[in-house]
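Enquirer:
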Ligand code: SF4
Ligand code: SF4
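Laid out in structure tokens, this is it:
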């Protein structure tokens with residue numbers, strides 16, 4: 176990746192964003208939707224949205240992301256965008272399934288109101304899988320027309336794709352199709368084991384290890400100078416050869432913020448989260464949740480040690496984090512990211528140290544690549 180591209184990506188990743196929910200409803204029923212339990216119908220009142228927008232400005236955010244449910248179903252969407260502008264947001268982005276953008280006058284009204292960027296969730300370029308995913312007849316045609324409309328109206332456009340059983344084999348072809356239309360920014364999202372994704376796990380989870388060649392074809396497109404590719408919650412081990420696409424460890428802060436109360440309860444009571452169990456093996460938070468439970472039980476946690484293959488000195492007195500009643504969850508997260516966020520290569524399975532080794536620190540892998548890990552013969 177060119178230095179310029181790295182700089183642009185880092186700058187974008189560091190920019191503070193404020194997310195604002197506009198609705199609790201959607202005009203699709205995506206087979207892996209993890210927001211279903213929040214979708215009891217209805218829209219968030221305008222005054223409540225304004226209060227939320229003001230909160231974001233107080234946090235120092237200049238960038239706002241309008242989301243839902245489906246934000247285009249809010250009858251006062253254009254007014255919300257104008258208000259965000261009036262409050263001083265310099266960049267207004269909306270995440271949408273794109274179906275309502277089929278209506279050209281509606282798209283123009285959003286432009287006039289001051290919307291800058293549209294992120295469309297378009298999980299395939301093929302009508303069959305697209306509508307198997309959205310479970311909404313006619314959604315493909317509307318969303319594609321919506322995509323063309325936002326491109327014609329010069330919005331910044333990006334596409335989110337949740338990788339799943341119905342689309343992983345055609346992932347690269349889907350991206351190429353969108354690139355052909357003029358979309359150059361993509362976010363590839365990993366499934367999370369909640370909501371409908373967990374309910375429908377047999378229909379959406381795919382053999383990720385065997386799918387690596389299809390994923391690599393998609394990752395390879397990030398080598399094109401004009402293409403900006405992000406991954407979201409995708410385990411690092413599946414990004415061997417494309418380590419620059421490993422998500423920043425700081426993104427864990429968003430994940431923790433999203434389940435803050437539940438995690439604080441673990442610290443207070445020592446009881447596992449209600450979601451813990453079979454789904455942990457599919458969850459991006461697994462290592463952090465395990466550490467939190469271990470800290471609560473043992474009352475301390477030490478820094479991990481570098482792997483034998485990196486031939487670094489083992490620390491005699493590794494850093495230690497001690498449990499205290501009322502301790503800050505986020506301070507522990509800092510410790511976790513600095514001292515415990517270790518990852519392994521898929522090749523570690525061939526190494527004789529595999530059982531006792533934790534792998535290498537994620538930042539080391541992000542900079543040196545997994546190639547730095549060399550398995551010892553069994
Ligand atoms: S890893 Fe944590 S957040 Fe994920 S399912 Fe398990 S307990 Fe829940
Ligand atoms: S190859 Fe993997 S398992 Fe073996 S020492 Fe290195 S990191 Fe550990």
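Numbering (the working numbering), first residue to last: 176 to 553. Glycine residues also receive a C-beta, built at the ideal position from the N, C-alpha and C atoms. Nothing here was measured: the structure is a model prediction, and the numbers come from that model.
#1: May I have the straight-line CA-CA distance separating residue 300 from residue 254, to the nearest angstrom?
#2: Since residue 412 and residue 553 are thought to touch, with beta carbons under 8 Å apart, how far apart are those beta carbons, to the nearest angstrom?
#3: Is the beta carbon of residue 337 closer than 8 Å to that of residue 120?
#4: Can you tell me whether residue 505 is buried or exposed, with buried defined as 16 or more other CB within 10 angstroms of its CB?
#5: Could you compute how far the alpha carbon of residue 216 sits from the alpha carbon of residue 309?
#6: Cβ atoms of residue 371 and residue 209: under 8 Å apart, would you say?
#7: Going by other Cβ atoms of all chains shown within 10 Å of its Cβ, with 16 needed for buried, is residue 384 buried or exposed?
#8: Taking only three categories from DSSP, how would you classify residue 212?
#9: In the DSSP assignment, what residue or residues form a beta bridge with residue 133?
#10: Going by DSSP, name the residue or residues bridged to residue 292.
#11: Keeping to the same chain, check which residues put their C-beta closer than 7 Å to that of residue 177; ignore five residues upstream and five downstream.
#12: With a threshold of 7 Å (Cβ to nearest heavy atom), would residue 376 be considered close to ligand 1?
#13: Quick one, are the C-beta atoms of residue 418 and residue 524 less than 8 Å apart?
#14: For ligand 1, I want to know if residue 454 counts as a neighbour, meaning its beta carbon is within less than 7 Å of at least one of the ligand's heavy atoms.
#15: With a 10 Å radius around its C-beta and 16 neighbouring C-beta atoms as the bar for buried, classify residue 287 as buried or exposed.
#16: So residue 522 and residue 483 are supposed to be a Cβ contact under 8 Å. How far apart are they, rounded?
#17: Per DSSP, what kind of secondary structure is residue 568 in: helix, strand or coil?
#18: Would you call the CB atoms of residue 465 and residue 480 closer than 8 Å?
#19: Is residue 361 closer than 8 Å to residue 321 when the C-beta atoms are compared?
#20: Indicate whether the contact test is met: 3 or more Cβ pairs, each with one atom in the region 431 to 439 and one in the region 347 to 361, closer than 8 Å.
Expert: Considering the structure as presented:
#1: Here residue 300 corresponds to residue number 125 of the chain shown, with the count starting at 1. Here residue 254 corresponds to residue number 79 of the chain shown, with the count starting at 1. Cα to Cα, residue 300 sits roughly 32 Å from residue 254.
#2: Counted from its first residue, the chain shown places residue 412 at position 237. Counted from its first residue, the chain shown places residue 553 at position 378. Between residue 412 and residue 553, the beta carbon gap of about 19 Å keeps them out of contact (Cβ cut-off 8 Å).
#3: The chain is shown only over 176 to 553; residue 120 falls outside these bounds and no answer can be derived.
#4: Translated into positions along the chain shown, residue 505 becomes position 330. Counting other Cβ atoms within 10 Å of its Cβ, residue 505 stays below 16 and is therefore classed as exposed.
#5: Counted from its first residue, the chain shown places residue 216 at position 41. Counted from its first residue, the chain shown places residue 309 at position 134. Those two C-alpha atoms are separated by around 18 Å.
#6: The residue labelled residue 209 in the question sits at position 34 within the chain shown. The residue labelled residue 371 in the question sits at position 196 within the chain shown. In this structure, residue 209 lies near residue 371, with their beta-carbon atoms less than 8 Å apart.
#7: What you label residue 384 is simply residue 209 of the chain shown in a count that begins at 1. Flag for residue 384 reads exposed.
#8: Translated into the one-based positions of the chain shown, residue 212 becomes position 37. The three-state reading of DSSP puts residue 212 in helix, counting H, G and I together.
#9: This structure cannot settle anything about residue 133, because the visible part of the chain is limited to 176 through 553.
#10: Here the question's residue 292 lines up with position 117 in the chain shown. Residue 292 is bridged by DSSP to 268 and 331.
#11: One-based indexing of the chain shown puts residue 177 at position 2. For residue 177, where only same-chain residues beyond five positions count, the Cβ hits under 7 Å are 400.
#12: Numbered from 1 along the chain shown, position 201 holds the residue referred to as residue 376. Flag unset: Cβ of residue 376 not near ligand 1.
#13: Counting from 1 along the chain shown, the entry for residue 418 is found at position 243. Counting from 1 along the chain shown, the entry for residue 524 is found at position 349. Not closer than 8 Å, so no.
#14: As a working note, residue 454 is residue 279 in the chain shown. It does: the Cβ of residue 454 is within 7 Å (strictly closer) of some heavy atom of ligand 1.
#15: Taking the first residue of the chain shown as 1, we reach residue 287 at position 112. When all chains shown are included, residue 287 counts as exposed.
#16: For the purposes of this step, residue 522 is taken as the residue at position 347 of the chain shown. For the purposes of this step, residue 483 is taken as the residue at position 308 of the chain shown. About 14 Å; that fails the 8 Å criterion.
#17: Only positions 176 to 553 of the chain appear in this structure, which leaves residue 568 out of reach.
#18: Position 290 of the chain shown, counted from the start, is the residue given in the question as residue 465. Position 305 of the chain shown, counted from the start, is the residue given in the question as residue 480. No, these two residues do not count as a Cβ contact at 8 Å.
#19: The residue given as residue 321 occupies position 146 in the chain shown. The residue given as residue 361 occupies position 186 in the chain shown. Going by beta carbons, residue 321 and residue 361 fall outside the 8 Å limit.
#20: The region 431 to 439 is not in contact with the region 347 to 361.
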